Amino acid sequence: ILTADIDLDPNLPGRKVFDRAVIAPHVNEANWWFEGTPFTGVFDGNGYTISHLTIIGESYLGLVGQLGSWYPPIGEVRLLSLVDANIIGSGNHAGGLVGCNYGSITMSYSSGSINGEGFVGGLVGRNYASGSVTMSHSAGSVSGTDESVGGLVGSNGGCYFSPHAGVLNCHSTSSVSGKSCVGGLVGQNFENITMSYSHGLVRGGSYVGGLVGMNGAMDVGYGEVTQCYSSGPVSGTGEYVGGLVGNNGSPTRVTSSFWDIQTSGQPTSAGGTGKTTAQMQTSKTFLDTGWDFLGEMDNGTEDIWWILEGRDYPHLWWEKVVGDDFEDGKAGPLWFVFEVDPDLVQIKEVNGRLEVSASNQAQNVDAMYVSQDWRLDTTKDFAMRVDFHFSKQGGGDGRVTLGIGPSLDPEAMQWAELEAGCFDTGPFYLYEVRDGSWVQEQTSDRSGSDGTLYMSYNPDTDELYFSHTGYGKPNAWRTVTGLLKGRWASEPVYVILSGGSEHIALTGADAWLDNFAVQAGAILE
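With our numbering applied, the sequence shown corresponds to residues 1235 to 1759, in that order.
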């Protein structure tokens, strides 16, 4: 388990340029296949970062040379970020994080420059057998002098088709170049690519695609692409070049997937459906084919995707939402901090979450993250959620809050909020609506220290729903009618994430918020 950030800059004292993988290196370059001891344990990055890894070597390069071994899949890397890596290989299997993966990689990230011959990927060179890559992403540049080069994964599968292997809920913004089988997300795919996307520039010779260069093989049907899209520029000097997929094995296995015909510069693809940029930034394009979006329930309740309608492409539920997932250690540019009395209560970003700390001298004082230069259009529906942790009890009243308000003027006294907190007597949920002298509020008991706060709105009925179980009226714990359109005259609302205290001392381990998400009909700037 990683307990701190590590900087491997070779210019720092005691550091070096590696000539092979740091963990589980390949030890015999005379053989094409891996020779060495694969890593079969669990590497828990714990949300920390390893930066400036530099390797100049031959094969199976990355932080880990080979993760796991043959079926059943063992070996895991999770919650790890590898930043500004520089990997230069003269052989096969080069990835930022892992050269060849038989195990599982979850919620991890890599960026930098990755170079090799074949099986080259921004995160993983080759994802093989029952290997899986989930909720992970890559950025930077990836290049290969041969085949199977991808922004996230060079080659996905290739041993046998396994329904549990492959790439799920991932994305890449890496620029990619290679000779053959070159893709923005995956160079060559023999397994599953599900609910994933790519935005990076893709250049190659033959079998070049915005998402996948080659899906399966000419005579092999293995290779499933489901609910994916790509938007990056695509070009190739040879045959089989497509906006989403360069070439597809038989039978075709690309379903409910799209590419941007304008930004890609490619009017055709071996699979998927081409759309204009405007259509790609419209939720209906994807909803009509079964994509599950935040705030809608017709296609499921898992909330896989969210979108800023008319402004951006779909994003995955675990990603940054409205530009900030609380990982950069500061509020800007889309949030600003408002601390009424910072000597008593503070809110700050720490390790990907908003932590609230407070003195027991605070008397009903809150600290807030408030939307900066953007508001929700209340003439259209919206849905929001944020995960919370609040465990402090005794000595007073504390809370964390999801709220909205049409004005930031404290004299206006207008807001609606849902809280999770604790009184002296125990944990509670509370909703409060205030408009001048008009007030509604109610509490109920809460059992666990972790959960989710939901707030959603139906403009047709002017109903605002507060919940700790899900979106919409069916899940509403409390419904307030006649507020946003009636009392607030459909004014756009600011979004507020906050925490506070009344005679209760808090630390970041007692109270925090994370995984904020918003699905809005329109965001106003």
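Virtual Cβ for every residue (Gly too), placed ideally from N, Cα, C.
Owing to the predicted nature of the structure, the values given are computational and were not obtained by experimental measurement.
Residue 1326 and residue 1547 have their alpha carbons spaced roughly 34 Å apart. Nearest neighbour of residue 1622 by Cα position, chosen from 1470, 1684, 1729, turns out to be 1684.
Going by DSSP, residue 1689 is part of the beta strand (DSSP E) stretching over 1684-1692. A direct Cα-to-Cα measurement between residue 1668 and residue 1278 gives close to 44 Å. Unbroken beta strand (DSSP E) runs of no fewer than 3 residues, entirely contained in the region 1288-1362, are found at 1288-1291, 1298-1301, 1310-1312, 1315-1323, 1332-1335, 1338-1340, 1343-1350, 1358-1361, following chain order.
Ranked by how close their Cα comes to the Cα of residue 1658, the residues 1738, 1591, 1391 have 1738 in first place. Judged by DSSP secondary structure, residue 1754 falls outside any alpha helix (DSSP H) and instead within the beta strand (DSSP E) spanning 1745-1754. Ranked by how close their Cα comes to the Cα of residue 1470, the residues 1490, 1439, 1603, 1578 have 1439 in first place.
For residue 1420, the closest of 1379, 1654, 1363, 1480 by C-alpha to C-alpha distance is 1480.
For residue 1670, the three-state secondary structure derived from DSSP is coil.
Under the DSSP definition of a beta bridge, residue 1622 partners with 1685, 1747.
Of all C-beta pairs linking the region 1521-1530 to the region 1729-1744, fewer than three are shorter than 8 Å, placing the two stretches out of contact. Nearest in C-alpha terms to residue 1574, of all of 1603, 1549, 1585, is 1603.
Contact between the region 1534-1544 and the region 1572-1589 is absent, with fewer than three C-beta pairs closer than 8 Å. DSSP, read as helix, strand or coil, puts residue 1424 in coil.
In the structure shown, residue 1638 falls within a strand segment according to DSSP collapsed to helix, strand and coil. By the Cβ neighbour-count rule, residue 1615 is buried, with 16 or more other Cβ atoms within 10 Å of its own. Annotated three-state conformation of residue 1527 is strand, per DSSP.
One Cα belongs to residue 1707, the other to residue 1392, and the distance between them is close to 46 Å.
Check the Cα spacing between residue 1646 and each of 1545, 1629, 1671, 1654: the tightest is with 1671. Look at residue 1661 here: in three-state DSSP terms it is strand. The straight-line gap separating the alpha-carbon atoms of residue 1460 and residue 1665 is approximately 40 Å. According to the DSSP secondary-structure assignment, residue 1241 is paired through a beta bridge with 1285. DSSP places residue 1700 in the uninterrupted beta strand (DSSP E) bounded by 1697-1701. DSSP places residue 1513 within a helical segment (H, G or I) once states are collapsed to three.
Using a Cβ distance threshold of 8 Å, residue 1423 and residue 1403 do not count as a contacting pair. Nearest C-alpha to residue 1407 among 1541, 1355, 1380: 1355.
For residue 1497, the three-state secondary structure derived from DSSP is helix. Here the C-alpha atom of residue 1300 lies approximately 31 Å from the C-alpha atom of residue 1474.
Burial is judged here by how many other beta carbons sit within 10 angstroms of a residue's own beta carbon; residue 1676 has fewer than 16 and is exposed. Per the C-alpha coordinates, the member of 1372, 1365, 1412 positioned closest to residue 1400 is 1365. Around the beta carbon of residue 1681, fewer than 16 other beta carbons lie within 10 angstroms, which makes this residue exposed. Residue state for residue 1268 is assigned as coil, using DSSP reduced to three classes. The C-beta distance from residue 1600 to residue 1584 rounds to 18 Å, too long to meet the 8 Å contact threshold.
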